[in-house]
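Going by numbering that gives the first Met the number 0, the first residue of the sequence shown is number 0, and it counts up by one from there. Even for Gly, the Cβ is constructed at its ideal location relative to N, Cα and C.
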Amino acid sequence: MKTRFPTATKTQGHDGSKSSSVLRVFVSSCLCGNGARRRSSIAVIALCLSGCGVNNMRDGSRFKPYEQSPFYADGQSSRPLPQGTIPRGQLAIGAMHTGLDDKGQQVKSNPLSATREILNTGRERYNMSCALCHGRDGYGEGIIVQRGFVKPPSFHEERLRKAPDGHYFSVMTHGFGAMYPQVERLSVQDRWAVVHYVRALQLSQNAAPGDVPAGKKLAEAPR
Ligand code: HEC
Numbered sequence: 000m001k002t003r004f005p006t007a008t009k010t011q012g013h014d015g016s017k018s019s020s021v022l023r024v025f026v027s028s029c030l031c032g033n034g035a036r037r038r039s040s041i042a043v044i045a046l047c048l049s050g051c052g053v054n055n056m057r058d059g060s061r062f063k064p065y066e067q068s069p070f071y072a073d074g075q076s077s078r079p080l081p082q083g084t085i086p087r088g089q090l091a092i093g094a095m096h097t098g099l100d101d102k103g104q105q106v107k108s109n110p111l112s113a114t115r116e117i118l119n120t121g122r123e124r125y126n127m128s129c130a131l132c133h134g135r136d137g138y139g140e141g142i143i144v145q146r147g148f149v150k151p152p153s154f155h156e157e158r159l160r161k162a163p164d165g166h167y168f169s170v171m172t173h174g175f176g177a178m179y180p181q182v183e184r185l186s187v188q189d190r191w192a193v194v195h196y197v198r199a200l201q202l203s204q205n206a207a208p209g210d211v212p213a214g215k216k217l218a219e220a221p222r
């Protein structure tokens, strides 16, 4: 038979103590499990209760960030990072981070799925980081080019339409000729979102009737 305890709303009115009612609900939910789960739940509760009121990690002596310390020769409590330390989540392995497949070739297709949200992000980042040179339409006549900067090739020329998605990721990551890398401005995810948006721009200028899925009609262009 299952053990039942009063619900949170009932006990709250009864003894007026919110935390004790929360604890009771927690205990009752633990006791309702099967044998193994019940035993481990009881162990967890025992641990919680024994730790109540003692917070050694928080209250113990420690250094604040960037605090001085006479202990180390350089006078700092923080230790320098070992050479080659990579921030969490930025280890460049796999196609998503390198744009390359197992054989070291540029990946043909984008590892990120093209959702409406990703396309919106791609459009926003493209207009912020690329349009000033490549133009909002991708023909390479952005405002900086009109002021005399080297003119980039149009995204609508055949060579670039046929280039693999990994090429775009590589150009943004490492730079290309006169174009500087975009890694400071665009995260890995942003760069792949921009690749999706550039593909959408290319389709907008080169779509054929066969690109429309069977049974669907093209929306009327806004007047
Ligand atoms: C400051 C201007 C500038 C900005 C900003 C810029 N580019 Fe470029 N881009 C260029 C120039 C110039 C070239 C041609 C470089 C060359 O051939 O020396 C180029 C070339 C390229 C190429 C073609 C490489 C090839 O194979 O010929 C791609 C793709 C590209 N850029 C993508 C982007 C994307 C995507 C962004 C935004 C994330 C971006 N660029 C931002 C100036 C810029």
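Is the beta carbon of residue i less than 8 Å from the beta carbon of residue j?
{"i": "His-173", "j": "Pro-180", "result": "yes"}
{"i": "Gly-165", "j": "Gly-214", "result": "no"}
{"i": "Arg-154", "j": "Val-197", "result": "Before going on, a small fix: residue 154 reads as Phe here, not Arg. Yes."}
{"i": "Leu-111", "j": "Ala-192", "result": "yes"}
{"i": "Pro-151", "j": "Met-178", "result": "yes"}
{"i": "Arg-158", "j": "Gln-201", "result": "no"}
{"i": "Leu-185", "j": "Arg-146", "result": "no"}
{"i": "Gln-67", "j": "Ser-76", "result": "yes"}
{"i": "Thr-120", "j": "Asp-73", "result": "no"}
{"i": "His-96", "j": "Val-182", "result": "no"}
Measuring from the CB of residue i, is there a heavy atom of the ligand HEC at a distance below 7 Å?
{"i": "Phe-148", "result": "yes"}
{"i": "Tyr-125", "result": "yes"}
{"i": "Val-187", "result": "no"}
{"i": "Val-197", "result": "yes"}
{"i": "Pro-151", "result": "yes"}
{"i": "Tyr-167", "result": "yes"}
{"i": "Ile-143", "result": "yes"}
{"i": "Leu-80", "result": "no"}
{"i": "Val-265", "result": "Only positions 0 to 222 of the chain appear in this structure, which leaves residue 265 out of reach."}
{"i": "Gly-133", "result": "Strictly speaking, residue 133 in this sequence is His, with Gly absent from that position. Under cutoff, so the answer is yes."}
{"i": "Leu-200", "result": "no"}
{"i": "Gly-176", "result": "yes"}
{"i": "Val-193", "result": "yes"}
{"i": "Ala-206", "result": "no"}
{"i": "Met-56", "result": "no"}
{"i": "Val-170", "result": "yes"}
Using C-beta distances below 7 Å, list every residue in its chain close to residue i, excluding the 5 sequence neighbours before and after it, in chain order.
{"i": "Val-106", "result": "Ala-94, Gly-98, Leu-99, Asp-100, Pro-163, Asp-164 and Gly-165"}
{"i": "Leu-118", "result": "His-195, Tyr-196 and Ala-199"}
Looking only at its own chain, which residues have a Cβ that is under 8 Å from the Cβ of residue i, when we skip the five neighbours before and after it?
{"i": "Gly-137", "result": "Ser-153, Phe-154, His-155, Val-197, Leu-200, Gln-201 and Gln-204"}
{"i": "Gly-103", "result": "none"}
{"i": "Tyr-71", "result": "Arg-78"}
Hey, does residue i have any beta-carbon neighbour from chain C nearer than 8 Å?
{"i": "Thr-120", "result": "Any reference to chain C falls outside this structure, which holds one protein chain only."}
Could you give the DSSP three-state label for residue i: helix, strand or coil?
{"i": "Gln-188", "result": "helix"}
{"i": "Leu-118", "result": "helix"}
{"i": "Gln-89", "result": "coil"}
{"i": "Phe-168", "result": "helix"}
{"i": "Leu-99", "result": "strand"}
{"i": "Gln-104", "result": "coil"}
Is any heavy atom of the ligand ZN found at a distance shorter than 7 Å from the C-beta of residue i?
{"i": "Ser-203", "result": "As for the ligand ZN, it is missing from this structure, which binds only the ligand HEC."}
Near residue i, what residues of its chain come up, given a Cβ to Cβ distance below 6 Å and the 5 sequence neighbours on each side ignored?
{"i": "Gly-141", "result": "Ala-130, Leu-131, Cys-132, His-133 and Gly-134"}
Inter-stretch contact (C-beta, 8 Å, three-pair minimum) for the stretch 124–137 and the stretch 188–197: yes
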